[in-house]
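Asks: Counting from 1, one number per residue, gives the positions in the sequence shown under my numbering. Take this structure first; my questions come after.
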Amino acid sequence: MKTWKHLLLGLLLIVAAGGVLLFSDWLGRGGSLGGGDDPAAQLHRKVREGRKVRVGVLKWASSLTQDETCRGLLQGLEERGFRDGKELEIQTFSAEGDMPTAVSLAQRACGGEYDLLLTVSTLSLQVGATANKGGKVVQVFGAVTDPYGAGVGISRENHEDHPAWLTGVGTFQPVRETLELARKLNPDLKTLGTVMNPSEACSKACYDLAEKVCGEMGIRLKAVTVDNSSGVYEAACALAAQGVEAFVIGGDNTVESAFASVVKAAKAARIPVLGYAAMYGAQGALAGLGANYVDVGRIQAHLAADILQGKSPARIPVENAMPLKLSLNRQVLAGLRGPWRIPPEVEAQAAQVFDASGRLAVSKERPEALPSSGPGRCWNLHLLNYVESAPTEETVRGLRRALDEAKLREGKDYTLKEANAQGDMPTLAALLDNALSQNPDLILLTSTPTLQAAVQKVKDRPVVFGVVANPVVAGAGRSAEDHLPNVTGISCAGAYEEVVEVLRECCPKARRVGTLVNPSEVNSVYNHDHLKEALAARGVELVSVAVSTPTEISDGIRGLLSRNVDAVVQVAGNLFFTSIAPISKACLDARVPLFGFDTAMAAKGGAAAAVARDYEAGGADMGRVALRVLRGENPRDIPFAPITKTRITLNEGNARRYGLVFPAGLRERADRILKGASRNPTICD
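What follows is the structure, encoded as structure tokens:
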């Protein structure tokens, strides 16, 4: 009997101990005793009673990004009525890159001296969260690349799943955007080098993404690792000796603290530095693209202010915010080897440009607006398309990719309602009215007719466009910089010179070239006129036939072919995007070579070659512009930007039917070579 009693007592003690552990975990994940004794409740009570709140700010080291974040913290707190020396007593600590010092400072901050802990950088987040495991103080973090991978209990899948006393904002570095910028600055770029400390979670996350994106772009990324800042210069020199064409740096506290060493090694090798932080342009990098860290600090401060005013940190999801800023340094260009340049369309988007003497020549600095979506908000987005076409599909695919890469989840962070007018203007007007009636945060659109309709109807909310040949002609502004205050986006004027070059390579004797044109579409007329100009420069006449509806296409193309043209170069337009089949069939039957501005015309239609803008890349650019607007940037301050990436598609099967052979130089430049003729029986019967 005693044995059973002892056994029963033991079981009861085990259950009781388990209950205590479960209860403790529940409190740590957001539970409450209801007595108001958790650190957030104590903080709220202190503010209500008018007592001064003690705030500890912990940064890992004195560096460009962390110092700017701390400056933004003070600004943001003051904006919300919390001033140092008045409502708050703020003390800032820096570990200066030393882990034992950081641990000691974190333990002090969480030991009862402070009511609120603000941490800056990933390492500070980690040491602060470790010292604060008992949840004795509210902690709000900022300037953290990947908080979900920091190992402090923040869920990547559910951003509201985190310790109840911990919240903040992530700022994943613009890795893809910086690498795409590098290719714009040097289209021939083949090799990049980076220095990194693999023990830093933020550095590893950036490197992994950079490696993936470089693979997609055909760029080789070489890395040399370091474990402290004293080894950065030697590592950079070792990379330069391996023949890298540029350094790409960012997301690494160790390397950033020795950024001057990277610049020194780059100068000696006559290669540029590109960084994931906007302030790098002023420090000797050719380009710095990254968060405006003053604004990151302000965002972090506003979260802290929300908590000071009564909001529970347990109910604030951990989201990503990246208020982008670009800086360029023309002084760096002079000493570089290789074909580095700053295209005008890139310079137009820069917040800072340093001239050849190193003087700040252009500054568009302004107080950035904070993200328009408060924590937990779900953005209401509407996407309007004029027609179903390959360029539209590719653009939407790129748009969604940009939203995915920003770690936004459809249904959680945003809803995207997509509608298509099927080429009918009355339907388009009705769809636009319906979208406006649902109070969207942002209207996304593709095609010139859709933009024209939006310009007339949408005055009180932002509009971001894509697949528009010339937004100025469409009525959206006077220039790329001087445009309607609520409208911005990505233009896609045709690759006129490039198409003419391909035509001349394939048909060197061509003197008369034909095209259909839709006079009711301003984009079609714009494309027609620019193609005519490019052909005339090569001594080639453009013969055109006007058509306005799908039923006119077949007769129009037959009439065009009867006018003794040597080839057909079909200009882009909504009507022609959806009329590939009849145009292709007529050209193949007549054995008159067809060339186009739409990849689908060669991949699915009868064109021998197509030279098209990369609409998927344009859609991704459109998505990134949309994110800038959603996060608070004014569309008025975002210039229209063109798609700069062009893809050449060759179809050898179609070429054989025209009696054409692609020259070796063209084959080498081609992005895609299709071996067989298009299989669509409607086209190739």
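Every residue gets a Cβ at the ideal spot worked out from N, C-alpha and C, and that includes glycine. Just so it is clear, the structure is predicted and the values come from calculations on it, not from any experiment.
How many angstroms separate the CA atom of residue 567 from the CA atom of residue 545?
Replies: Residue mapping note: residue 567 aligns to position 567 of the sequence shown, counting from 1. Residue mapping note: residue 545 aligns to position 545 of the sequence shown, counting from 1. Cα to Cα, the separation comes out at about 14 Å.
Asks: Report, in whole angstroms, the separation of the C-beta atoms of residue 664 and residue 650, which I expect to be a contact under 8 Å.
Replies: To locate residue 664, count along the sequence shown from 1; it is residue 664. To locate residue 650, count along the sequence shown from 1; it is residue 650. With a Cβ gap of about 12 Å, residue 664 and residue 650 do not count as contacting.
Asks: Apart from the five residues on each side of it in sequence, which residues of its chain come closer than 6 Å, Cβ to Cβ, to residue 301?
Replies: The residue you call residue 301 lines up with position 301 of the sequence shown. Once the five neighbours on either side are set aside, the close Cβ partners of residue 301 are 73, 76, 77.
Asks: Less than 6 Å separating the Cβ of residue 240 from some heavy atom of the ligand PLP?
Replies: The ligand PLP is not part of this structure, which contains no ligands at all.
Asks: Just to confirm, is the Cβ distance from residue 270 to residue 192 under 7 Å?
Replies: For this step, residue 270 is matched to residue 270 along the sequence shown. For this step, residue 192 is matched to residue 192 along the sequence shown. No. Outside cutoff.
Asks: Expressed to the nearest angstrom, what Euclidean distance is found between the alpha-carbon atoms of residue 386 and residue 132?
Replies: Sequence index remark: in the sequence shown, residue 386 carries index 386 (1-based). Sequence index remark: in the sequence shown, residue 132 carries index 132 (1-based). Cα to Cα, the separation comes out at about 55 Å.
Asks: What do you get for residue 686, buried or exposed, if any count of 16 or more other CB atoms within 10 angstroms of its CB means buried?
Replies: Because the chain spans 1 through 685 in this model, residue 686 falls outside it and cannot be assessed.
Asks: Once the 5 residues before and after residue 646 are set aside, which same chain residues still bring their CB inside 8 Å of it?
Replies: Indexing the sequence shown from 1 puts residue 646 at position 646. Taken in chain order, the residues that qualify are 495, 498, 611, 612, 613, 614.
Asks: Strictly by DSSP, which residues pair up with residue 319?
Replies: If you number the sequence shown from 1, residue 319 lands on position 319. In the DSSP output, where bridge partners are listed per residue, residue 319 has 169.
Asks: Can you list, in chain order, the stretches of the alpha helix (DSSP H) that have 4 or more residues and sit fully within the region 403-468?
Replies: Segments of the alpha helix (DSSP H) lying fully in the region 403-468: 425-437, 448-457.
Asks: Taking its Cβ as the centre, do 16 or more other Cβ atoms sit within 10 Å of residue 279, making it buried, or is it exposed?
Replies: To locate residue 279, count along the sequence shown from 1; it is residue 279. By the neighbour-count rule (16 or more Cβ atoms within 10 Å), residue 279 is buried.
Asks: Who are the near neighbours of residue 126 in its chain, counting only those whose CB is closer than 8 Å to its CB and skipping five residues on each side?
Replies: Residue mapping note: residue 126 aligns to position 126 of the sequence shown, counting from 1. Taken in chain order, the residues that qualify are 150, 151, 152, 201.
Asks: Quick one: which unbroken beta strand (DSSP E) runs of 3-plus residues sit fully inside the region 489-553? Chain order, please.
Replies: 512-517, 541-546
Asks: Please look up how many angstroms separate the CB atoms of residue 406 and residue 627, rounded, as I've assumed it's under 8 Å.
Replies: The residue you call residue 406 lines up with position 406 of the sequence shown. The residue you call residue 627 lines up with position 627 of the sequence shown. Contact check for residue 406 and residue 627: beta-carbon distance about 6 Å, within the 8 Å limit, so the pair qualifies.
Asks: Here's a check: name, in chain order, each residue in its chain whose Cβ is nearer than 7 Å to the Cβ of residue 281, leaving out the five neighbours to either side.
Replies: Taking the sequence shown and counting its residues from 1, one reaches residue 281 at position 281. Cβ neighbours of residue 281 beyond the five flanking positions: 287, 288, 327, 328, 329, 352, 354.
Asks: Do residue 600 and residue 390 have their CB atoms nearer than 7 Å?
Replies: Position 600 of the sequence shown, counted from the start, is the residue given in the question as residue 600. Position 390 of the sequence shown, counted from the start, is the residue given in the question as residue 390. Closer than 7 Å, so yes.
Asks: Taking Cβ positions, are residue 457 and residue 428 nearer each other than 7 Å?
Replies: Within the sequence shown, the letter at position 457 stands for residue 457. Within the sequence shown, the letter at position 428 stands for residue 428. Contact: no.
Asks: Mapping DSSP to helix, strand and coil, what is residue 30?
Replies: The residue given as residue 30 occupies position 30 in the sequence shown. Any answer about residue 30 is weak, because its pLDDT of 39 lies below 50 and its placement is not dependable; what the coordinates show is given next. In the structure shown, residue 30 sits in coil (DSSP, three-state: anything other than H, G, I, E or B).
Asks: For the alpha helix (DSSP H) containing residue 103, list its first residue and its last residue.
Replies: Within the sequence shown, numbered from 1, the residue matching residue 103 stands at position 103. Per DSSP, the continuous alpha helix (DSSP H) segment holding residue 103 begins and ends at 99-108.
Asks: Answer yes or no: do residue 517 and residue 524 have a C-beta to C-beta separation smaller than 7 Å?
Replies: Here residue 517 corresponds to residue number 517 of the sequence shown, with the count starting at 1. Here residue 524 corresponds to residue number 524 of the sequence shown, with the count starting at 1. For residue 517 and residue 524, yes; Cβs fall inside 7 Å.
Asks: Take residue 521 and list the residues in its own chain whose beta-carbon comes closer than 8 Å to its own, dropping the five residues that flank it on each side.
Replies: On the sequence shown, position 521 is the one that residue 521 refers to. Answer for residue 521: 448, 449, 573, 574, 575, listed in chain order.
Asks: Report yes or no: do three or more beta-carbon pairs, one from the region 209-216 and one from the region 236-245, lie closer than 8 Å?
Replies: no
Asks: Which word fits residue 100, buried or exposed, when buried means at least 16 other C-beta atoms lie within 10 angstroms of its C-beta?
Replies: Translated into the one-based positions of the sequence shown, residue 100 becomes position 100. With fewer than 16 Cβ atoms within 10 Å of its Cβ, residue 100 is classed as exposed.
Asks: When burial is assigned at 16 or more other CB atoms within 10 Å of the CB, is residue 306 buried or exposed?
Replies: Translated into the one-based positions of the sequence shown, residue 306 becomes position 306. Flag for residue 306 reads buried.
Asks: In whole angstroms, give me the CA-to-CA distance for residue 230 and residue 258.
Replies: Along the sequence shown, read from residue 1 onward, the residue named residue 230 stands at position 230. Along the sequence shown, read from residue 1 onward, the residue named residue 258 stands at position 258. Straight-line Cα distance between these residues: approximately 8 Å.
Asks: Is the region 40-58 touching the region 107-125, taking contact as three or more C-beta pairs under 8 Å?
Replies: yes
Asks: How far does the alpha helix (DSSP H) with residue 387 in it reach, from first residue to last?
Replies: Against the sequence shown, residue 387 aligns to sequence position 387. Premise fails: residue 387 is in no alpha helix (DSSP H) and is neither H nor E.
Asks: Return the chain-ordered list of same chain residues with a C-beta closer than 8 Å to the C-beta of residue 454, the five sequence neighbours on each side being excluded.
Replies: For the purposes of this step, residue 454 is taken as the residue at position 454 of the sequence shown. For residue 454, where only same-chain residues beyond five positions count, the Cβ hits under 8 Å are 384, 432, 443, 445, 463, 465, 487.
Asks: Please say whether residue 194 and residue 274 have beta carbons closer to each other than 7 Å?
Replies: Locating residue 274 in the sequence shown gives position 274, where the first residue counts as 1. Locating residue 194 in the sequence shown gives position 194, where the first residue counts as 1. Inclusion of residue 274 and residue 194 in the CB contact set at 7 Å is not warranted, their separation being larger than that value.
Asks: For the region 594-651, list the beta strand (DSSP E) runs that are entirely contained and at least 3 residues long, ordered along the chain.
Replies: 594-596, 609-613, 646-651
Asks: Using the Cβ count rule (16 or more neighbours within 10 Å means buried), how would you classify residue 397?
Replies: Here residue 397 is taken as the residue at index 397 of the sequence shown, counted from 1. Exposed: under 16 other Cβ atoms inside 10 Å.
Asks: Among 395, 409, 532, 507, which one has its Cα closest to the Cα of residue 468?
Replies: Looking up residue 468 in the sequence shown gives position 468. If we check each option's Cα against that of residue 468, 395 comes out closest.
Asks: Please list the segments of the beta strand (DSSP E) lying wholly inside the region 170-206, counting only runs of 3 or more residues, in order along the chain.
Replies: Within the region 170-206, the beta strand (DSSP E) runs of at least 3 residues that lie entirely inside it are, in chain order, 191-196.
Asks: Go through its chain and collect everything with a Cβ distance to residue 738's Cβ below 6 Å, but skip five positions before and after it.
Replies: Not covered by the structure: residue 738. The range shown for the chain is 1 to 685.
Asks: For residue 104 versus residue 59, is the C-beta distance shorter than 7 Å?
Replies: Your numbering for residue 104 matches position 104 in the sequence shown. Your numbering for residue 59 matches position 59 in the sequence shown. No, the pair does not count as a contact, with Cβ atoms beyond the cut-off.
Asks: Distance, Cα to Cα, residue 661 vs residue 490?
Replies: Position 661 of the sequence shown holds residue 661. Position 490 of the sequence shown holds residue 490. About 35 Å.
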